[in-house]
Amino acid sequence: MSDSDSSSALSPSPPASPDASFHDPPNLERLVSHFVSAKRSLNSTAHVSRANELVTSSRALIEDIAVLNAKCAFARRGVDDELDALRSIRDGISALGQKAGDEFKMTLASLDEANDRLQKTLQAMRKTVVDPALQPGNNSPPNEDQAPEDKSLASSVKTEKTLYDFIDEANHEEILGSLRALIDSFNDAHADLDDSLASFDQTLRSISDNLLNGLDRSGPDNRSTIYDEPPLSITQLFQGMEEHAGEMANLLQSLITHYDLSVTALKHTDGGGEAAKLAVQAEDLTRVPTAGAEESLYERTVPEPMSDDERTEMLCVLENDANEVDDVINDIQERAAEMEVCYTALAKHATTARTTRQNLCTALKHLYAMQSSLPTYLTASKTFRESWITIEENMQARTAELIHLSDFHSNFVSSYSKLLDEVARRKAADVQMRKVAEKARREMDRLYEADREAREAFMQNVGEFLPGDIWAGLQEVGGRWTVRRVGGD
Numbered sequence: 001m002s003d004s005d006s007s008s009a010l011s012p013s014p015p016a017s018p019d020a021s022f023h024d025p026p027n028l029e030r031l032v033s034h035f036v037s038a039k040r041s042l043n044s045t046a047h048v049s050r051a052n053e054l055v056t057s058s059r060a061l062i063e064d065i066a067v068l069n070a071k072c073a074f075a076r077r078g079v080d081d082e083l084d085a086l087r088s089i090r091d092g093i094s095a096l097g098q099k100a101g102d103e104f105k106m107t108l109a110s111l112d113e114a115n116d117r118l119q120k121t122l123q124a125m126r127k128t129v130v131d132p133a134l135q136p137g138n139n140s141p142p143n144e145d146q147a148p149e150d151k152s153l154a155s156s157v158k159t160e161k162t163l164y165d166f167i168d169e170a171n172h173e174e175i176l177g178s179l180r181a182l183i184d185s186f187n188d189a190h191a192d193l194d195d196s197l198a199s200f201d202q203t204l205r206s207i208s209d210n211l212l213n214g215l216d217r218s219g220p221d222n223r224s225t226i227y228d229e230p231p232l233s234i235t236q237l238f239q240g241m242e243e244h245a246g247e248m249a250n251l252l253q254s255l256i257t258h259y260d261l262s263v264t265a266l267k268h269t270d271g272g273g274e275a276a277k278l279a280v281q282a283e284d285l286t287r288v289p290t291a292g293a294e295e296s297l298y299e300r301t302v303p304e305p306m307s308d309d310e311r312t313e314m315l316c317v318l319e320n321d322a323n324e325v326d327d328v329i330n331d332i333q334e335r336a337a338e339m340e341v342c343y344t345a346l347a348k349h350a351t352t353a354r355t356t357r358q359n360l361c362t363a364l365k366h367l368y369a370m371q372s373s374l375p376t377y378l379t380a381s382k383t384f385r386e387s388w389i390t391i392e393e394n395m396q397a398r399t400a401e402l403i404h405l406s407d408f409h410s411n412f413v414s415s416y417s418k419l420l421d422e423v424a425r426r427k428a429a430d431v432q433m434r435k436v437a438e439k440a441r442r443e444m445d446r447l448y449e450a451d452r453e454a455r456e457a458f459m460q461n462v463g464e465f466l467p468g469d470i471w472a473g474l475q476e477v478g479g480r481w482t483v484r485r486v487g488g489d
């Protein structure tokens, strides 16, 4: 029975001719079969009743959804604002750590550069062997009791002394040890800041997860694709349910009309009531809800008079409608199933709204907890910044000491080269002075000999004529001058 036919079943309309619908009038058995099908079709009343329950429940669900969505939207805006503020604070703390890390890398690069420079200088000092001539003690002869090989080894060990042997390693090691301690202190401070940020991030993730959790419960197999139709809105779902419920009521009314018509046909057929009663008992349809018309069928009452033409018209309509009873029942069942699907979708919307509200409540609890722990994170960032300032100042100071030490050792290496030049100059000066002194000594000896010979000649010529006490120095030997080294090697 189609939608258009259901309205015509409410008020029978005469066919063009009796023979146009059927060739022979239905017999009692066929009328009873139509009656049984019509009575069985009244089971669809449960579907219509369920439809009414679904519509009523849907109204309550929609009200709950509207209230929950309004509350959630308001709360979500507040939570989002708080999350934005917290993320800004977190980014500030992270930027502080990143900036300190960049500054630390720059300071460490300066330190590495200074240390590399110092190591090159030290390496040059290790390779620079001190001239044995500058260390006279190292050139002492070996012990005569030693074997020749031991004598040679002892001589080699004594003479192969480098510039590195003359520096104090303790100062260098003390600077490097202090720098290592400062680097460890920075790493520890940065690790504490990273732990604080990790805790901060964990709290933010917990809040975000609670906000996102439950929004997509479709599962990987049921997720929509670009080829799927968009899901119906809440309004569309409810409007569809109302339309289905209304149409189901109309279809049920047509089935009731058809059922009443089959009862009337049996009333105007001999033995119809008894046959109908037996058929109902045989089909176990006694519990199917019926109208009062069926009770009058079983009573032995005289039906209202009906002409043959009216009865023929009635049977024609009954026969036509009987062919559509199954279609009407299927239509009601399909609409009932569709209503269940729509109600399930509405219930899912309601569940999502409730879940969102619960997640928002959980997120708010996390925000309250964050409110009490936020000063701890800020204090941690402040402590890290103060620690880094102190560490940076100390690292720069120690780096400056390392640079100064490197400059000092570099000057030592360059001074050693100048020392060799100075030694050569002094040797040359000593040689010159020796030459002058030797020349003066020879000249003094010559003068002394000349003075001695002149004295002897004088005494031979006039000495015997002069009394000895006339001059105290008359008999003296002339003074002799010597040239000798004073000071130095």
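Letter 311 of the sequence shown, counting from 1, is numbered 311 in the UniProt record's numbering, and no numbers are missing.
Where a beta carbon is used, it is the ideal one built from N, C-alpha and C, also for glycine.
None of the values given here were measured: they were computed from a predicted structure.
- Here DSSP, grouped into helix, strand and coil, assigns valine 413 to helix.
- In this structure, leucine 61 lies near alanine 350, with their beta-carbon atoms less than 7 Å apart.
- If you draw a straight line from the Cα of isoleucine 175 to the Cα of leucine 402, it comes to about 7 Å.
- Distance from the CA atom of glutamate 113 to the CA atom of alanine 95, rounded to whole angstroms, is 27 Å.
- For secondary structure counted as the beta strand (DSSP E) over 3 or more consecutive residues, the segment 29-101 holds no complete run.
- Beta-bridge annotation (DSSP): threonine 162 is paired with Val129.
- Residues Asn359, Thr362 and Ala363 of the same chain have their beta carbon placed closer than 6 Å to that of asparagine 210, with the five preceding and five following residues left out of the count.
- Taking the Cβ atoms as the reference, serine 381 lies roughly 5 Å from isoleucine 93, within the contact range of under 8 Å.
- 7 Å or more divides the Cβ of leucine 252 from the Cβ of leucine 318.
- Comparing alpha-carbon positions, the option among Ser49, Leu315 and Leu111 lying closest to phenylalanine 35 turns out to be Leu315.
- In the three-state reduction of the DSSP assignment, glutamine 253 falls in the helix class.
- In the DSSP assignment, glycine 177 falls within the unbroken alpha helix (DSSP H) covering 169-212.
- When the five nearest sequence neighbours on each side are left out, the beta carbons in the same chain lying within less than 6 Å of the beta carbon of glycine 240 are those of Cys342, in order along the chain.
- Tryptophan 471 is classed as exposed because its beta carbon has fewer than 16 other beta carbons within 10 Å across all chains shown.
- For the pair serine 406 and leucine 182, the CB atoms are not nearer than the 7 Å cut-off.
- Your pair alanine 51 and histidine 244 checks out as a contact, with CB atoms roughly 7 Å apart and the cut at 8 Å.
- The segment 417-436 and the segment 192-207 do not touch, with fewer than 3 CB-CB distances between them shorter than 8 Å.
- Annotation for histidine 172: Leu405 place their beta carbon closer than 7 Å to its own, counting only its chain and skipping 5 residues before and after.
- Burial state of serine 49 is exposed, judged by a 10 Å Cβ sphere holding fewer than 16 other Cβ atoms.
- Note on leucine 237: 16 or more other CB atoms within 10 angstroms of its CB, so buried under the neighbour-count rule.
- Per DSSP, the unbroken alpha helix (DSSP H) holding leucine 318 starts and ends at 308-322.
- Counting only the Cα atoms, threonine 383 lies some 12 Å from proline 375.
- Put simply, the backbone Cα of alanine 454 is about 30 Å away from that of arginine 485.
- Glycine 479 sits in coil when the DSSP states are folded into three classes, being neither helix nor strand.
- Take the alpha-carbon of proline 132 and the one of asparagine 411: they are about 21 Å apart.
- The C-beta distance from arginine 385 to serine 178 rounds to 22 Å, too long to meet the 8 Å contact threshold.
- Shown here for leucine 466: same chain residues with a beta carbon closer than 7 Å to its own, the five before and five after excluded, namely Leu474 in chain order.
- In the structure shown, the three-state DSSP call for asparagine 27 is coil.
- In chain order, Leu252, Leu255, Ile329 and Ile332 place their CB closer than 7 Å to the CB of serine 44, counting only its own chain and leaving out the 5 sequence neighbours on each side.
- Between the C-alpha atoms of aspartate 421 and arginine 434 there is a straight-line separation of about 20 Å.
- Separation of serine 88 and lysine 127 (C-alpha to C-alpha, rounded to the nearest whole angstrom) is 57 Å.
- When C-alpha distances from threonine 356 are compared across Leu68, His258, Tyr259 and Ala109, the shortest belongs to Leu68.
- Separation of alanine 322 and alanine 38 (C-alpha to C-alpha, rounded to the nearest whole angstrom) is 8 Å.
- The C-alpha of arginine 354 is placed about 9 Å away from the C-alpha of cysteine 72.
- Straight across, the Cα-Cα distance linking aspartate 184 with methionine 106 is about 16 Å.
- The three-state secondary structure of arginine 441, taken from DSSP, is helix.
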